[in-house]
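Presented below is the structure to which this report refers.
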Amino acid sequence: MSTPAKIPPATLAKLAKLGIHHRSDLLLHLPLRYEDETHLAPIESVQPGETVQVQGVITHSEVAFRPRRTLVCRLQDGSDELYLRFLNFYPSQQKQLAVGKQIRAVGEARMGYFGLEMVHPKCRAVDDDTPLNSSLTPVYPTTAGLSQATLRKLIFNALETLPLTDTLPDALLQRLRFADFADSLKLLHNPPPDVSASSLEQRSHTAWRRIKFDELLAQQLSMRVHHRERSKRIAPKLAAQHRLTDALLRALPFVLTGAQQKVYAEIAHDLAQPHPMQRLLLGDVGSGKTIVAALAALQAIENGYQVALMAPTEILAEQHYLKLREWLEPLGVTPVWLSGSLKKKEKTVAAERIASGETPLAIGTHALFQQNVEFPKLGLAIVDEQHKFGVQQRLALRNKGNEPHQLMMSATPIPRTLAMSYYADLDVSVIDELPPGRTPVVTKLVGDARREEVFERVRAACVAGKQAYWVCPLIDESEALQLQTAIETHETLTQTFPELRVGLAHGKLPPAEKAAIMAAFKAGELQLLVATTVIEVGVDVPNASLMVIDHAERMGLAQLHQLRGRVGRGAAESMCVLLYQQDRLSELARARLKIIYESNDGFAIAQQDLQLRGPGELLGARQSGVAMLRFADLGEDEDLLEEARLAADELLQHHPDAARAHLHRWMASKHDYLHV
Ligand code: ADP
Ligand code: MG
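Heads up: the sequence shown begins at 17 in this note's numbering, then just goes up one per residue.
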């Protein structure tokens with residue numbers, strides 16, 4: 017950080033922790049809240065729960081020993097009195113708070129044993145003529161070892177010495193009637209006495225709106241700039257040749273739904289452009305994304321390019337491998353399988369076949385983008401369940417080729433405001449229709465007391481020739497415990513159902529064994545599959561029509577929806593039983609079970625999920641890379657987001673210098689992960 021006043025290195029390091037790397041970053045480090053020390057509240061008017069400043073004389077001071085050592089003082093201001101209590105205190109404090117001293121105290125009032133009190137208020141000795149602060153006191157987000165006072169001094173210094181030029185052109189400012197940037201910033205850091213504290217705290221004040229708008233505008237600009245840059249880069253033109261793709265369509269036992277045709281047309285069009293595609297394919301569980309991916313792959317392959325398909329788990333990657341091999345081998349396209357669990361020698365062989373260029377299609381887990389795998393002619397990278405991958409991993413895969421096209425797939429729908437903000441740099445295709453002939457899954461909520469009934473239901477279904485999943489609970493996110501439960505459940509169920517063939521699948525099985533079990537279940541040799549949540553994504557066994565989810569109250573909405581999507585894939589009537597623990601049901605768990613019980617629509621569920629949990633989870637790994645919004649709130653500031661979108665266009669077209677200055681102010685210190 018370049019600054020006239022020398023800042024000690026230790027302070028610099030702490031500032032860096034707060035994301036402050038340049039002095040100008042200090043300007044945008046805005047208060048979390050404010051303390052009001054601008055006036056004194058008469059004690060008689062103070063309500064419990066209020067944070068206030070009072071002033072009076074200490075009329076009583078003692079150290080009490082029960083229940084524990086506590087300094088208790090009484091403060092009298094002529095209107096009434098209240099107690100000040102300190103559990104930890106120094107002798108110096110005791111002296112400061114001696115009887116007869118005049119004290120100003122700031123803190124939250126509450127009802128204590130003896131009446132109104134403040135616990136650990138901020139206190140200082142005052143005279144009759146000690147002036148009050150003239151403005152609200154900002155309280156900044158900080159980190160251990162960096163005091164409010166130091167931070168405040170640095171920020172105020174930056175405010176006085178740095179230029180606060182408005183980056184928005186006048187015309188725009190006038191049209192949108194926004195407050196001036198410098199005024200807004202000064203007001204937020206140092207609010208004048210007449211500003212209402214609540215409009216600042218709720219961030220509804222015009223100064224806040226200006227700053228939030230600027231933040232959203234910066235986000236829109238950077239997304240747009242990225243989008244533009246991409247359209248300047250060169251990628252191979254992979255126009256449809258209709259040779260392999262048509263052959264696959266002819267061989268399929270089904271016809272594409274209208275929605276599948278529409279999204280494939282969008283992808284086919286993008287692939288034919290000389291610029292890299294970055295398209296997100298959204299479609300609910302079971303909507304048929306795999307066939308679309310296969311068609312995209314074939315279009316690249318029939319142009320002589322290689323394709324990499326990456327999935328987040330071994331089981332899912334393997335399913336893709338098996339499915340695509342079944343579809344593509346008859347067309348003369350043989351995929352290569354590459355996952356971390358292959359033997360070293362097998363890996364080398366696979367990597368060599370990819371490197372020689374003879375392999376048109378490689379399918380696997382993140383092993384695909386390890387250092388020693390080279391794709392000489394990568395034309396298309398497909399990433400399934402993209403939100404499960406980190407930014408770094410996706411970047412690594414993209415870097416395998418010069419500039420491959422990218423297709424990302426996800427079963428988690430993105431609510432509108434998220435799509436408009438965090439995903440604004442991608443093109444999005446949506447499969448909004450399920451293949452025909454599916455019978456909707458019936459969902460049942462069953463309390464744990466009725467476990468026996470569930471056993472009978474499983475038995476009846478399997479005896480009737482159907483297949484079932486039994487999904488074991490998550491235990492405190494601990495893989496070891498989860499594994500143990502799965503093994504125990506498998507034992508119990510094997511004993512409960514001596515007449516059934518019961519298999520077990522979990523993440524720690526050796527891959528060959530796991531593959532054998534999945535294959536046996538698929539072939540109908542196993543009737544009941546006990547599994548951990550490894551089957552959450554992508555597993556496809558149409559004859560399985562019953563799913564029991566044990567301890568469903570522990571699972572998240574997206575996870576429950578994904579799991580339930582494993583049944584109802586055939587024509588048979590399907591059921592999902594959510595077995596839950598009645599006595600340990602939290603409010604949140606109850607709300608989740610209600611939503612999943614009432615809705616089968618992934619989009620509706622995601623909307624509700626957003627309301628229950630906020631955007632972090634839905635953004636998944638993306639949030640670690642993209643600069644999160646610090647001030648704007650997508651729930652509350654949708655109107656500002658709309659304005660920012662329009663303004664971004666206007667700036668880029670008519671005021672490129674302003675756009676650059678604005679981006680510089682807001683993004684200079686951000687890691688530029690936007691390019692992934
Ligand atoms: P997801 O979108 O969850 O990845 P899949 O691609 O696994 O869904 O497809 C789910 C099932 O639907 C698969 O068995 C697939 O073969 C089948 N399927 C896909 N498209 C159609 C279609 N148009 N008509 C009938 N079945 C289809
Ligand atoms: Mg899938």
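Think of the CB as a built atom: it goes at the ideal place given N, C-alpha and C, for glycine as much as any other residue.
Around the beta carbon of Ser-372, fewer than 16 other beta carbons sit within 10 angstroms, so the residue counts as exposed. With a cut-off of 7 Å, the C-beta of Asp-400 is classified as near the ligand MG, since at least one heavy atom of the ligand falls inside that distance. In this model, Tyr-439 and Ile-370 are separated by some 32 Å (Cα to Cα). Between the stretch 97-106 and the stretch 122-137 there are three or more inter-stretch CB-CB distances shorter than 8 Å, so the stretches are counted as touching. By the beta-carbon neighbour count (other beta carbons within 10 angstroms, threshold 16), Phe-81 is exposed. Remark: C-beta atoms of Leu-298 and Val-446 approach each other more closely than 8 Å. Membership of Leu-298 in the beta strand (DSSP E) is indicated by the continuous run 294-299. Burial state of His-670 is exposed, judged by a 10 Å Cβ sphere holding fewer than 16 other Cβ atoms. Nearest to Leu-377 by alpha-carbon distance, out of His-680, Glu-345, Val-155, is Glu-345.
In this structure, the straight-line span from the alpha carbon of Leu-604 to that of Val-462 is close to 17 Å.
Counting only the Cα atoms, Lys-339 lies some 29 Å from Gln-498.
Between the ligand ADP and Thr-381, a heavy atom-to-CB distance of less than 7 Å is absent. The beta carbon of Lys-524 lies closer than 7 Å to those of Leu-499 in the same chain, with the five residues before and after it left out. Annotated three-state conformation of Val-308 is helix, per DSSP.
Looking only at Leu-516, Ala-521, Pro-514, the smallest Cα-Cα distance to Thr-501 is reached by Ala-521. Contact annotation: the stretch 52-59 does not touch the stretch 177-194, with fewer than three C-beta pairs closer than 8 Å. In this structure, DSSP gives Leu-43 a helical state, which the three-state scheme calls helix. Taken through DSSP and simplified to helix, strand or coil, Glu-78 comes out as strand. Pro-209: not part of any beta strand (DSSP E); DSSP gives it neither H nor E. Around the beta carbon of Lys-538, a 10 Å sphere encloses 16 or more other beta carbons of the protein chains shown; the residue is thus reported as buried.
Taking 7 Å as the cut-off, one finds at least one heavy atom of the ligand MG near enough to the beta carbon of Lys-305. For the beta strand (DSSP E) assignment, the uninterrupted runs of no fewer than 3 residues enclosed by the stretch 440-489 are, from N- to C-terminal side, 443-447, 458-463, 483-487. Inter-residue distance for Val-399 and Ala-275 is about 20 Å (C-alpha atoms, whole angstroms). One alpha carbon belongs to Thr-548, the other to Val-88, and they sit about 56 Å apart. Annotation: Leu-396 to Glu-449 spans about 26 Å, alpha carbon to alpha carbon.
Contact holds between the stretch 284-293 and the stretch 251-260, because three or more Cβ pairs, one in each stretch, are under 8 Å apart. Annotation for Gly-274: the continuous alpha helix (DSSP H) segment containing it runs 274-287. Burial state of Asp-599 is exposed, judged by a 10 Å Cβ sphere holding fewer than 16 other Cβ atoms. By the CB criterion at 8 Å, Asp-464 and Tyr-613 fall outside the cutoff. The residue among Ile-119, Ala-622, Phe-105 with its C-alpha nearest the C-alpha of Thr-75 is Ile-119. Excluding its 5 nearest sequence neighbours in each direction, Leu-113 has C-beta neighbours in its own chain below 6 Å: Ile-74, Ser-77, Cys-89, listed in chain order. By the Cβ test, the stretch 305-325 is not in contact with the stretch 226-246, since fewer than three Cβ pairs between them sit closer than 8 Å. Residue environment for Ile-565: buried (at least 16 other C-beta atoms within 10 angstroms of its C-beta).
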